[in-house]
Ligand code: ZN
Ligand code: ZN
Ligand code: FE
């Protein structure tokens, strides 16, 4: 009998699994990997063959995803034994590079077992777990082409590696204390403070307990770690990281301790413990034992569980949650090389816990939360990348994404690979990371792009990169169209759909800045059927960092010339500045028009006294959501069909604030008003077109309150709502959408 198994069945221990199964069922024959998956020929008792077919699905190894099992009758050719055969055409085409996988239960048990030879060994892994994508330098995925190449396996490790019955059969990063990588603790100058695994771990535990900040090299890059319960040290870390207000992520020793920090429903709990081990954002518990500086002004905490043996050991030693935040200074990419880390982090970390297994590709922790019982990605990176998504592309495509939260996407032959989170593509360091990442993926997945898709914005570095490539056909994709197409494509929905695409900014086809868009379309094309009332963005980009400028602009539109300085802003902005910005907006100089929903949220947040200036895009809006009283049912008017006129909304807010209505109520009424208006406008377009599909995407729909209220209203109107689930609604999802548009049109 010949059996073909398709799905995620390579690099996951599938062949040894088949080998063990065959041995148990007394079957002869062979198993191998080929370009379509796993191929088996087996002969033996008919009953045993039937059992094999069943168990290929039911007993598959943990990391395997069996999509199809098909069989074909063959005459037995007298095989006597069962063998694992060398891979056929083990070429570039289907290199089994999987995402990095959190330490499995079996490995963890060994690490914790004093009698095991891997007791407290920080680099323990097996076929079911360990680093993958972050250590791969090329294909085929074999030890010499990983960053483990320089470590020669000792006899015992080699024996495991070569034994088809062993859990470590062909585990490329296999290692032990005798032959594998080790950690060492250094000071800021790189001088050894402790050598060897155990001494370094002990010294690190002690330093952390004493309130020191330690840079720790992990799987995809460095983290900065410190006690989470000590306000002095957390505040010190915040100060050393500069103008950083973003919440720090936490790592909890166990699911039980995580539950003391945040409220987790079933879906969030599963996500937290999943082998992808993302940072899960969840509502913080009122008495969560963490210092205030961990996540100032945030209702949520980001929590993850240990995902490498090193983490398990550190957290086990600490016995309490640690701050474990990406090691970078403000917006730079995460540090991942030892020398680079020592250089860039010497002003932040007191000590460095280094190890000698190089990281090939820096990969940030993924960030996910649960909305309506399903994951919503804020950042898709470690643990998920480079898992592919289906995409019907006739010609090989490279899509370059946008600018903020940059990712790229490569596609060919029905598959698309969305790259790791690069960061904000605003400087040389990130641009290099971007171009190296693209070249790496092109090699790993054998994509030679014939088409390069890019944003319409002429000044994005990603656009410039795309237009400089030679021998490819360039395809410009409008930003919000890409958001719409991305969501449709990940759901395998053809559309057309109405899309409410709300985000910060994106270049429009009329050369103005869009961001509160009502689109009708599919991957082939779109029409702009409506938008938020556009207002000037006084000072352009500066308005992103100073939301009060948007308040000024909106008041100018809502009230007329020389709007009064609102009392809640007066503490932060002088009357003179306010007047100047008002004049700037009125003049239209350096004040591009924008229909951005993100900027409207900023304006309202500043008007409510939440925050006049921010350190990262969307901060004021996030805090506005955080403060909203979710039990408030009221809403502000936001009239209009094609043009949603938020001037009335602004006037209603002013009236409420003037009457002393509490800010949490105002914030809720604002959210409700926008949700209702968006739903009403989408429903109208859907009815006109005789369709029932609506897409909600764009970074503003990371706002849970807005997303939930809008979805409710749309579903109440009998419409089907799609939101991004495999990729972020923010610009991290743009590249895939660009690829979808290029695939559909070329
Ligand atoms: Zn394992
Ligand atoms: Zn060894
Ligand atoms: Fe966007």
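In this note's numbering, the protein residues as written are 163 to 908. We put the CB at the ideal spot given by N, CA and C, even for glycine.
- In this structure residue 309 does not touch residue 598 by the C-beta definition: roughly 15 Å separates them, more than the 8 Å allowed.
- Residue 375 places its beta carbon less than 8 Å from that of residue 386.
- The closest heavy atom of ligand 2 lies less than 7 Å from the beta carbon of residue 316.
- With fewer than three CB-CB distances shorter than 8 Å, the segment 587 to 607 does not count as touching the segment 891 to 904.
- The beta carbons of residue 651 and residue 844 sit about 20 Å from each other, so the pair does not count as a contact at 8 Å.
- Excluding the 5 residues flanking it on each side, residue 487 has same chain C-beta neighbours closer than 7 Å at 385, 386, 410 and 411, in chain order.
- Secondary structure in the segment 342 to 381: the alpha helix (DSSP H) runs of 4 residues or longer, each lying completely within the stretch, are 359 to 371 in chain order.
- Secondary structure at residue 849: helix, using DSSP grouped into helix, strand and coil.
- With distances taken between CA atoms, residue 706 lies nearest to 753 out of 572, 497 and 753.
- The closest heavy atom of ligand 2 lies 7 Å or more from the beta carbon of residue 269.
- Taking 7 Å as the cut-off, the C-beta of residue 291 counts as close to a heavy atom of ligand 1.
- Assignment of residue 592 by DSSP, reduced to helix, strand and coil, places it in the helix class.
- Looking from the CA of residue 208, the closest CA among 197, 168 and 187 belongs to 187.
- By the beta-carbon neighbour count (other beta carbons within 10 angstroms, threshold 16), residue 315 is buried.
- Distances taken from the Cβ of residue 319 to the heavy atoms of ligand 1 include none shorter than 7 Å.
- Contact annotation: the segment 741 to 757 does not touch the segment 788 to 799, with fewer than three C-beta pairs closer than 8 Å.
- Of all C-beta pairs linking the segment 687 to 698 to the segment 755 to 764, three or more are shorter than 8 Å, placing the two stretches in contact.
- For residue 678, DSSP records a beta bridge to 664.
- In this structure residue 699 is buried. Its beta-carbon is surrounded by 16 or more other beta-carbon atoms within 10 angstroms.
- Residue 666 places its beta carbon less than 8 Å from that of residue 779.
- Every beta strand (DSSP E) stretch that sits fully inside the segment 531 to 607 and reaches 3 residues is listed by chain position as 536 to 541, 550 to 552, 559 to 561, 571 to 574 and 577 to 580.
- When only Cα atoms are considered, residue 613 and residue 332 end up about 37 Å apart.
- Residue 368 has its alpha-carbon roughly 10 Å from the corresponding atom of residue 476.
- For residue 304, no alpha helix (DSSP H) run applies, since DSSP gives it neither H nor E.
- Between the segment 286 to 294 and the segment 172 to 187 there are three or more inter-stretch CB-CB distances shorter than 8 Å, so the stretches are counted as touching.
- Residue side-chain check: residue 665 places its Cβ nearer than 7 Å to a non-hydrogen atom of ligand 3.
- Of the other Cβ atoms in all chains shown, 16 or more fall within 10 Å of the Cβ of residue 546; this residue is therefore buried.
- In the structure shown, residue 618 adopts coil according to DSSP, grouped into three states.
- The beta carbons of residue 169 and residue 245 sit no closer together than 8 Å.
- Around the Cβ of residue 340, a 10 Å sphere holds fewer than 16 other Cβ atoms; the residue is exposed.
- With a cutoff of 8 Å on beta-carbon distance, residue 643 and residue 688 are scored as near each other.
- Residue ranges of uninterrupted alpha helix (DSSP H) with 4 or more members, entirely inside the segment 715 to 782 and ordered along the chain, are 729 to 732, 737 to 749 and 759 to 769.
- For residue 269, the enclosing alpha helix (DSSP H) begins and ends at 267 to 274.
- DSSP lists 193 as the bridge partner or partners of residue 246.
- By a beta-carbon distance limit of 8 Å, residue 414 does not contact residue 370. Their separation comes to about 14 Å.
- Counting only residues of its own chain and dropping the five nearest sequence neighbours on each side, residue 164 has a CB closer than 6 Å to the CB of 203, 234 and 236.
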